[in-house]
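Following: one structure in structure tokens, then a few remarks.
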Amino acid sequence: MGNALTAIIAGGGLGGLATAAALARTGWDVTVYERQNELRATGSGIYIWENGLKVLEALGACDKASDGAFQGTHFEQRDNQNQIIESAAIPAGRRLITTERSQLLASLRDAALDAGARIMTGTEVIGATPRGELQFSSGATARADLAIGADGVWSKVRQALGLEQVHEQSLEGALRTMIPAMKDDIPAADASKYIENWNGTRRLLITPVNDRVTYLALTCPSTDLKAKNTTVDKGLWSAAFPQWAHLIERIGREVSWGVYSVIKCRAWSSGRTVILGDAAHAQPPNLGQGGGMAMQNGLALATALWGITTQQQIPDALEKWEQEEREIVEHCQKWSTLYGEVTFLPDDVRATVIKSAMANPWVANQIFRAANHIPTGFETFAASTTS
Ligand SMILES: Cc1cc2nc3c(=O)[nH]c(=O)nc-3n(C[C@H](O)[C@H](O)[C@H](O)COP(=O)(O)OP(=O)(O)OC[C@H]3O[C@@H](n4cnc5c(N)ncnc54)[C@H](O)[C@@H]3O)c2cc1C
71 MGNALTAIIA GGGLGGLATA AALARTGWDV TVYERQNELR ATGSGIYIWE NGLKVLEALG
131 ACDKASDGAF QGTHFEQRDN QNQIIESAAI PAGRRLITTE RSQLLASLRD AALDAGARIM
191 TGTEVIGATP RGELQFSSGA TARADLAIGA DGVWSKVRQA LGLEQVHEQS LEGALRTMIP
251 AMKDDIPAAD ASKYIENWNG TRRLLITPVN DRVTYLALTC PSTDLKAKNT TVDKGLWSAA
311 FPQWAHLIER IGREVSWGVY SVIKCRAWSS GRTVILGDAA HAQPPNLGQG GGMAMQNGLA
371 LATALWGITT QQQIPDALEK WEQEEREIVE HCQKWSTLYG EVTFLPDDVR ATVIKSAMAN
431 PWVANQIFRA ANHIPTGFET FAASTTS
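Have a look at this one:
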């Protein structure tokens, strides 16, 4: 590693670890600084679409991330009468799996460590400069050829570089939890589905994760004070979704509430310091792609920097990377935000809108474009993983 270019990364989440693994595999000397005392995933289960699976394959992390994971065959929306609005088959070439976030994070951690990256926990970044520097709460500073802010929605790196253009928070938010999975929880005919149930502005998303746990997301506007209570009002939610009362009844104390952020930046880098993942382009979770975009962008960044031998070449490579990747990320952000608008439609109008939108091939293409996207670097990295 003596002559290797060096990268320092703020944040050991999905974006930071995928970037660390990808850069380290191409010969960079990489150190990740994570604020928490251990790498810990917030949230419960996570959807990973074809594009995210390809990134994991390219990094050699896919088997671990998807071991025992649920792979659904249909994504279904139901109305307030438990009638199917739309049940879209998920084609074999556009895989979708759901796994535990902790499992996904561990697979990326292992990929990063196996590639030679170092991970320092309990280290909070409080600032950055365009000269590849990160500043820590301890008063220390680290310098490298490249600094990366993958420090999430409230990114200190983004703030320090003055890159933020828009940070909007949604009216809608989600209670997220895992419940123990039981044999007859979901009728056999529905067992291979992801089921999104609507009732007014309340939604219950049922996501099998593996044979141990099922992920429930209960979404509503943040003004719906009773529904958003983290001591879940089981009576209220069961009244809205009586067919799933047996699942709601099993919700325990571990429930988190959060609204969603949309972040847009005037640029993704300044000098030799770059931001990616939620720090640069957070999006609502309606398409299940925020994590996919973070990992995909990390792989693309390492691809853009592959073969570079001097610090001076870095800013141009960062600019080129942004030019190539920004469009797909912003497309996904836009359509994920648009999908969220159906929350505020009356039930019958929502059903009509979903039905006709999904029947329209152009709309379906827009929604699944990110899932169908082949991540930059996939082929090159995948070839080097298997060789
Ligand atoms: C309700 C909900 C459901 C979602 N579902 C999905 C889904 O199904 N599929 C999907 O792909 N995406 C989903 N997402 C989006 C996904 O969670 C994010 O896009 C993804 O986690 C972004 O990864 P990241 O690494 O950029 O940021 P994060 O995951 O937020 O990681 C940032 C890391 O940086 C650390 N950190 C923060 N500040 C500092 C600091 N100052 N110094 C050092 N370290 C710091 C944090 O502790 C954390 O470890 C969902 C989001 C929400 C809100």
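Just remember that the numbering used here sits 70 ahead of the position in the sequence shown, which is counted from 1.
For every residue, glycine included, the Cβ atom is placed at its ideal position computed from N, Cα and C.
So is Ala214 buried or exposed if we call it buried at 16+ other beta carbons inside 10 Å? For the purposes of this step, residue 214 is identified with residue 144 of the sequence shown, where counting begins at 1. When all chains shown are included, Ala214 counts as buried.
Roughly how many angstroms lie between the CA atoms of Ile78 and Glu411, to the nearest whole one? As a first step, residue 78 is located in the sequence shown; it is residue number 8 there, counting from the start. As a first step, residue 411 is located in the sequence shown; it is residue number 341 there, counting from the start. Answer to the nearest angstrom: the Cα atoms are 38 angstroms apart.
Which whole-angstrom value is the C-beta distance of Ile116 and Leu174, which I expect to be below 8 angstroms? Locating residue 116 in the sequence shown gives position 46, where the first residue counts as 1. Locating residue 174 in the sequence shown gives position 104, where the first residue counts as 1. Rounded, the Cβ-Cβ distance is 6 angstroms, consistent with contact.
Can you tell me the Cβ-Cβ gap for Ala198 and Gly219, rounded? I've got them flagged as a contact below 8 angstroms. To locate residue 198, count along the sequence shown from 1; it is residue 128. To locate residue 219, count along the sequence shown from 1; it is residue 149. Contact holds; Cβ gap of about 6 angstroms.
Backbone CA spacing between Leu388 and Ala374 [nearest angstrom]: Residue numbering aside, residue 388 sits at position 318 when the sequence shown is read from its first letter. Residue numbering aside, residue 374 sits at position 304 when the sequence shown is read from its first letter. Distance between the alpha carbons of Leu388 and Ala374 is about 7 angstroms.
Sequence ranges, beta strand (DSSP E) only - wholly within the region 98–156, length at least 3: The region 98–156 contains these whole beta strand (DSSP E) runs: 99–103, 115–119, 144–148.
Roughly how many angstroms lie between the CA atoms of Trp307 and Gln353, to the nearest whole one? To locate residue 307, count along the sequence shown from 1; it is residue 237. To locate residue 353, count along the sequence shown from 1; it is residue 283. About 26 angstroms.
Can Asp221 be considered in contact with ligand 1, in the sense that its beta carbon sits closer than 8 angstroms to one or more heavy atoms? In the sequence shown, residue 221 corresponds to position 151, counting from 1. For Asp221, the CB falls within less than 8 angstroms of some heavy atom of ligand 1.
Which full runs of the alpha helix (DSSP H) of 4+ residues lie inside the region 71–98, going along the chain? Taking 4 residues as the shortest admissible run, the region 71–98 contains the following complete alpha helix (DSSP H) segments, listed from N- to C-terminal end: 84–95.
Let me confirm a value: Asp99 is counted as buried when at least 16 other C-beta atoms fall within 10 Å, else exposed. Which label applies? Reading the sequence shown from its first residue, position 29 is the one you call residue 99. Burial check for Asp99: the Cβ neighbour count within 10 Å reaches 16 or more, so the residue is buried.
Can you tell me where the alpha helix (DSSP H) holding Ala210 begins and where it ends? For the purposes of this step, residue 210 is taken as residue 140 along the sequence shown, with counting starting at 1. Unbroken run through Ala210: none, as it is neither H nor E.
Length of the line joining the Cα atoms of Gln436 and Gly377: On the sequence shown, position 366 is the one that residue 436 refers to. On the sequence shown, position 307 is the one that residue 377 refers to. Taking the straight line from one Cα to the other gives about 34 angstroms.
So is the beta-carbon of Gly322 under 8 angstroms away from any non-hydrogen atom of ligand 1? As a working mapping, residue 322 is identified with position 252 in the sequence shown. No.
State buried or exposed for Gly122, treating a residue as buried only when at least 16 other CB atoms are found within 10 Å of its CB. On the sequence shown, position 52 is the one that residue 122 refers to. So Gly122 counts as buried.
State the start and end residues of the unbroken alpha helix (DSSP H) segment that holds Val329. Translated into the one-based positions of the sequence shown, residue 329 becomes position 259. Note, Val329: premise wrong, no alpha helix (DSSP H); beta strand (DSSP E) at 326–335.
Do Leu288 and Leu357 count as a contact pair if the criterion is CB distance below 9 angstroms? The count along the sequence shown starts at 1 and reaches residue 357 at position 287. The count along the sequence shown starts at 1 and reaches residue 288 at position 218. Against a cut-off of 9 angstroms, the Cβ pair of Leu288 and Leu357 comes out as no contact.
Following a CB-centred definition, is Met363 positioned closer than 8 angstroms to any heavy atom of ligand 3? Inclusion of ligand 3 in the displayed structure is not the case, the ligand content consisting of ligand 1 alone.
With a threshold of 8 angstroms, establish whether the CB of Glu194 neighbours any heavy atom of ligand 1. As a position in the sequence shown, residue 194 is number 124, starting the count at 1. True, at least one ligand heavy atom lies under 8 angstroms from that Cβ.
C-beta contact flag for Val102 and Ala187 at 9 angstroms: If you number the sequence shown from 1, residue 102 lands on position 32. If you number the sequence shown from 1, residue 187 lands on position 117. For Val102 and Ala187, yes; Cβs fall inside 9 angstroms.
Give a yes or no on whether the C-beta atoms belonging to Ala217 and Arg342 are separated by under 9 angstroms. What you label residue 217 is simply residue 147 of the sequence shown in a count that begins at 1. What you label residue 342 is simply residue 272 of the sequence shown in a count that begins at 1. The answer is yes: Cβ separation under 9 angstroms.
Pick out whichever of Val433, Lys263, Phe438 has its Cα sitting closest to the Cα of Gly163. Position 93 of the sequence shown, counted from the start, is the residue given in the question as residue 163. Comparing Cα positions, the closest option is Phe438.
Under 8 angstroms: does the beta carbon of Arg110 sit that close to some heavy atom of ligand 1? In the sequence shown, residue 110 corresponds to position 40, counting from 1. At least one heavy atom of ligand 1 is nearer than 8 angstroms to the Cβ of Arg110, so yes.
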